[in-house]
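Residue numbers (my numbering): 2 to 160.
Shown next, in the form of structure tokens:
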């Protein structure tokens with residue numbers, strides 16, 4: 002049940018976009034952001050704004066080209082998104098927040114049960130490998146459809 006403190010914590014009216022991080026959310030995520038590489042030019046981009054741009058794209062479902070101008074350039078946001086996806090930063094953030102939310106709700110850190118519906122079970126039994134195999138192999142032609150095999154068969158049978 003929603004209580005006044007829950008509504009206050011979920012209020013996003015003071016933010017520029019509903020997907021932007023508030024200070025408490027940034028405090029949770031900031032320790033997982035890798036520091037800038039040593040050597041070379043200093044990082045000039047605000048990493049919190051990069052995360053706001055990534056969250057904007059993920060929450061609205063828009064294309065990278067549609068990122069608003071007041072957020073970092075789309076190329077910068079996309080670069081960091083791909084980098085953090087590749088090096089596992091996004092997965093570490095997700096896993097840590099997932100465990101923290103389950104523990105805050107009074108549940109175990111990892112689920113103890115899973116639900117699989119019958120449609121999912123049937124789809125996995127059929128398996129995609131067979132479909133992929135069928136798509137990659139050449140279609141077999143019947144001997145009757147080939148003039149070469151029918152003439153060879155008739156020549157070998159007559160003699």
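Even for Gly, the Cβ is constructed at its ideal location relative to N, Cα and C.
A quick note: this is a predicted structure, and the numbers were derived from the prediction, not measured.
Same chain, Cβ closer than 7 angstroms to residue i, five either side skipped, listed in chain order
{"i": "residue 77", "result": "46, 51"}
{"i": "residue 5", "result": "none"}
{"i": "residue 91", "result": "85"}
{"i": "residue 14", "result": "none"}
Spatially closest choice to residue i from the options, by CA coordinates
{"i": "residue 101", "options": "30, 7, 14, 20", "result": "30"}
{"i": "residue 35", "options": "49, 9, 25", "result": "49"}
{"i": "residue 69", "options": "80, 33, 55, 44", "result": "55"}
{"i": "residue 112", "options": "2, 71, 103", "result": "103"}
{"i": "residue 27", "options": "120, 118, 98, 2", "result": "98"}
{"i": "residue 44", "options": "81, 3, 106, 11", "result": "81"}
{"i": "residue 16", "options": "57, 117, 105, 106", "result": "57"}
Cutoff 8 angstroms; reference residue i; Cβ partners in own chain excluding five residues on either side
{"i": "residue 137", "result": "For residue 137, the predicted model reports a pLDDT of 49, less than 50, meaning its position is unreliable and no value from the coordinates is stated."}
{"i": "residue 73", "result": "46, 47, 50, 51, 54"}
{"i": "residue 110", "result": "100, 103, 104"}
Beta-carbon separation (whole angstroms), residue i vs residue j, contact threshold 8 angstroms
{"i": "residue 93", "j": "residue 33", "result": "5 angstroms"}
Contacts around residue i, its chain only, beta-carbon distance under 6 angstroms, and the 5 residues preceding and following it disregarded
{"i": "residue 79", "result": "65"}
{"i": "residue 133", "result": "Interpretation of residue 133 is limited by its pLDDT of 49, a score under 50 that renders its predicted location unreliable; the figure taken from the coordinates is listed afterwards. Answer for residue 133: no residue qualifies."}
**Request:** Count the CB pairs spanning the region 60-79 and the region 11-25 that are closer than 8 angstroms, and state whether there are at least three.
**Result:** yes
**Item:** Ranges of the alpha helix (DSSP H) found wholly within the region 25-89, counting only runs of at least 4
**Value:** 48-61, 75-88
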